[in-house]
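A.B. asks: Numbering (our numbering), first residue to last: 475 to 642. Using N, Cα and C, we set each Cβ at its ideal position, and we do this for glycine too.
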């Protein structure tokens, strides 16, 4: 019988270090890392607004939504580098691990706006392969930020709090 796998997922503001943590978890657990930014970049979606991102993300999630429970049922640990920032996104993730009768861990990265913007500016300058799908402006950061909802006890997730990552 296969061991029960765990679905790890992450929440935090844009630029908080979610991808850095996801890659770290992928190496240390080990686990399969599914990075939404890589999918958006590889599939060539043009993201210039919040609406563009929501469309691209929704398309990716249709495919990922059937893949993740299958991996978990096979005993493969998975790290989702997305979908933890809203109550609705976390409910979707819950449907994935519950449908596979798997465990979960929600990592909450707490970072200041200044830390996040510093990381975003660095990413915009470096344009890292695989996760860079275009510049994230300060305006887009401030448009997305109000949509971030920290996890609440009522959601009943196993939350692991982490400090923000500064890439500078």
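How should residue 501 be labelled, buried or exposed, when 16 other C-beta atoms within 10 angstroms of its C-beta is the threshold for buried?
C.D. replies: exposed
A.B. asks: Rounded to a whole number of angstroms, what is the C-alpha to C-alpha distance between residue 612 and residue 591?
C.D. replies: 7 Å
A.B. asks: Can you tell me which residues form a DSSP beta bridge with residue 483?
C.D. replies: 554, 580
A.B. asks: Closer than 7 Å by C-beta to residue 579: which residues in its own chain qualify, once you throw out the five before and the five after it? Chain order, please.
C.D. replies: 480, 482, 632, 634
A.B. asks: Put residue 537 into one of helix, strand or coil per three-state DSSP.
C.D. replies: helix
A.B. asks: Identify the continuous alpha helix (DSSP H) that holds residue 635 and give its terminal residues.
C.D. replies: That residue, residue 635, is in no alpha helix (DSSP H); its beta strand (DSSP E) goes 633 to 637.
A.B. asks: If we call anything under 8 Å between Cβ atoms a contact, is residue 594 one with residue 491?
C.D. replies: The criterion of a C-beta distance shorter than 8 Å is not satisfied by residue 594 and residue 491.
A.B. asks: Quickly, what does DSSP pair residue 507 with across the bridge? List them, please.
C.D. replies: 553
A.B. asks: Is residue 644 helix, strand or coil by DSSP?
C.D. replies: Nothing about residue 644 can be reported from this structure: the residues present for the chain run from 475 to 642 only.
A.B. asks: Where does residue 586 fall in DSSP's three states?
C.D. replies: coil
A.B. asks: Could you tell me the boundaries of the alpha helix (DSSP H) in which residue 629 lies?
C.D. replies: No alpha helix (DSSP H) contains residue 629, which DSSP labels as neither H nor E.
A.B. asks: When you compare each of 498, 564, 537, 505 to residue 624 by their alpha carbons, which one comes out closest?
C.D. replies: 564
A.B. asks: I need the boundaries of the alpha helix (DSSP H) containing residue 614, first residue and last residue.
C.D. replies: Looking at the DSSP string, the run of the alpha helix (DSSP H) that includes residue 614 is 612 to 618.
A.B. asks: Given that a residue counts as buried once 16 or more other Cβ atoms are within 10 Å of its Cβ, and exposed if not, what is residue 560?
C.D. replies: exposed
A.B. asks: Pick from 517, 509, 503, 487: whose alpha carbon is nearest that of residue 493?
C.D. replies: Cα-wise, what sits closest to residue 493 is 509.
A.B. asks: Can you grab the Cα-Cα spacing for the pair residue 534 / residue 507, in whole Å?
C.D. replies: 14 Å
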